[in-house]
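Residue numbers (the working numbering): 43 to 442.
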């Protein structure tokens, strides 16, 4: 008998669960966008965004866009036609950002570690030493690739760059990590960081953020592809309020973001939020590692030190991934994420793989509910798995 009636839980890696408070903040009439009250609320967002990014000296531009728009905004403000960029790839989304760079006229080199692979920093360092004249203008990498759940070591990338003395900008995609993973923009020497509203920031999709430091601001002076809408200069330092958004403000998204940042920065606190994500991730991994001992399921990233605290991807045999997703949606009221960009060419990703998002507005009972439902699905479908996975997850939560 299906048990899916009740509140459905969408456990995909974004859009993440939105708090009721955030939804209620949006439920209001359109404001006067020229009022002092609205302007004060909007200006109060910026120091909180910088606190999450851990760089109070950076600039931030807010765009009415998703993460793909933030990719384009970040690139168009620092590159001239024909500039060379080097992309460190460990998954689908690094390759996607590389594609945007090519479309904007950049010469793109990719150092590919393979899905979920460790970034080959030795190859990066060797390539930068070869580039004696500084032709490479920027290094691009993704902090957390949601296609496979890998977390890349951004500080180590900066260390490899510093070891060569290379002047390239370091540009990092934190769409799936901001607010969930430790990220230190200032301490790690990141020149450009981009994010979006729909994951760790617990806000509906539709806002993109580009944070940039002094070196990136200087690079903007020679960028020759900047268009009026994507230009970050008037957004970061506007002469008129409307320039913050290139026109009419995304009013209700901003109200939602205000409530989400209040919860994240002023109530829970960034350090507590990071610790919560770490514990819940370890709980999920504990269950999965027990299940994998006698079954057809495993975490895509084998090394726990390289796993993301915001999303975990799983590999299964045959079509178990599809069967589990369909059973959980129909019988347990849980939606899992489809696989993306990791399976062999002859097997569709969504059959072998699935993903669980554990980011943003999530607590122990929500995660344990997903894991209990997943275990029930494996029992119902006769999918082999080790016994005791849910107990292992509960033990991690109990010991936090």
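Heads up, the beta-carbon is just placed ideally off N, CA and C, and yes, glycines get one too.
Please return the same chain residues whose Cβ sits closer than 7 Å to the Cβ of residue i, not counting the five positions on each side in sequence.
| i | result |
| --- | --- |
| residue 428 | 332, 333, 334, 335, 336 and 337 |
| residue 396 | 356, 363, 366, 367, 378, 379, 380 and 381 |
| residue 426 | 336, 337 and 338 |
| residue 177 | 126 |
| residue 387 | Because residue 387 sits at a pLDDT of 42, beneath the cut-off of 50, its placement in the model cannot be relied upon, and the following sentence gives the value as read from the coordinates. Cβ neighbours of residue 387 beyond the five flanking positions: none. |
| residue 418 | 374 |
| residue 79 | none |
Is residue i near the ligand ZN, with its Cβ less than 7 Å from a heavy atom?
| i | result |
| --- | --- |
| residue 229 | The ligand ZN is not among the ligands present in this structure, which contains no ligands whatsoever. |
From the DSSP secondary-structure annotation, give me the bridge partner or partners of residue i.
| i | result |
| --- | --- |
| residue 13 | This structure cannot speak to residue 13, because the chain is shown only from 43 to 442. |
| residue 152 | 129 |
| residue 238 | 250 |
| residue 349 | 192 |
Specify, as a first and last residue, the run of the alpha helix (DSSP H) that residue i falls within.
| i | result |
| --- | --- |
| residue 109 | 109-118 |
| residue 296 | 293-303 |
| residue 370 | Careful: residue 370 lies outside any alpha helix (DSSP H) and carries neither H nor E. |
| residue 91 | 87-95 |
| residue 395 | Counting along the chain, residue 395 falls outside any alpha helix (DSSP H), though it belongs to the beta strand (DSSP E) covering 395-399. |
| residue 68 | 62-68 |
| residue 315 | 312-334 |
| residue 277 | 275-278 |
With respect to the beta strand (DSSP E) encompassing residue i, which residues constitute its N-terminal and C-terminal limits?
| i | result |
| --- | --- |
| residue 425 | Careful: residue 425 lies outside any beta strand (DSSP E) and carries neither H nor E. |
| residue 355 | 353-358 |
| residue 106 | 101-106 |
| residue 340 | 339-341 |
| residue 252 | 249-254 |
Ordered along the chain, which non-local residues of its own chain (more than five positions away) have a Cβ less than 6 Å from that of residue i?
| i | result |
| --- | --- |
| residue 52 | 377 |
| residue 216 | 185, 225, 235 and 237 |
| residue 97 | 227 and 228 |
| residue 297 | 67 and 68 |
| residue 389 | For residue 389, the predicted structure reports a pLDDT of 46, less than 50, and the residue's modelled location is therefore unreliable. The matter cannot be settled from this model. |
| residue 351 | 222, 223, 319, 320 and 323 |
| residue 50 | 375 |
| residue 401 | 58, 222, 241, 242 and 352 |
Output needed for residue i: all residues of its chain with C-beta closer than 8 Å, excluding positions within five of it in sequence on either side, in chain order.
| i | result |
| --- | --- |
| residue 211 | 120, 179, 180, 181, 233, 234, 257, 258 and 261 |
| residue 430 | 332 |
| residue 86 | 300 |
| residue 159 | 132 and 192 |
| residue 268 | 118, 119 and 262 |
Are the C-beta atoms of residue i and some chain B residue less than 8 Å apart?
| i | result |
| --- | --- |
| residue 90 | The structure shown contains no chain B; it is built from a single protein chain. |
Segment contact, 8 Å Cβ cut-off, at least three pairs: the region 130-144 with the region 98-117: The region 130-144 makes contact with the region 98-117; the number of CB pairs closer than 8 Å reaches 3 or more.
Entirely enclosed alpha helix (DSSP H) segments - the region 143-198, minimum 4 residues: 163-172
Minimum length 3: unbroken beta strand (DSSP E) runs contained in the region 192-236: 211-215
Touch test, the region 302-316 against the region 123-142, Cβ-Cβ under 8 Å, three pairs minimum: By the Cβ rule, the region 302-316 does not count as touching the region 123-142, because fewer than three pairs are nearer than 8 Å.
Cβ contact (3+ pairs, closer than 8 Å) linking the region 193-206 and the region 59-78: no
Three-pair Cβ contact test at 8 Å for the region 229-242 versus the region 276-286: no
Contact between the region 57-67 and the region 238-252 (3+ Cβ pairs under 8 Å): yes
Meets three-Cβ-pair contact criterion under 8 Å: the region 339-352 and the region 190-203: The region 339-352 is in contact with the region 190-203.
Cβ contact check for the region 405-425 and the region 83-96: 3 or more pairs under 8 Å: No, the region 405-425 does not touch the region 83-96.
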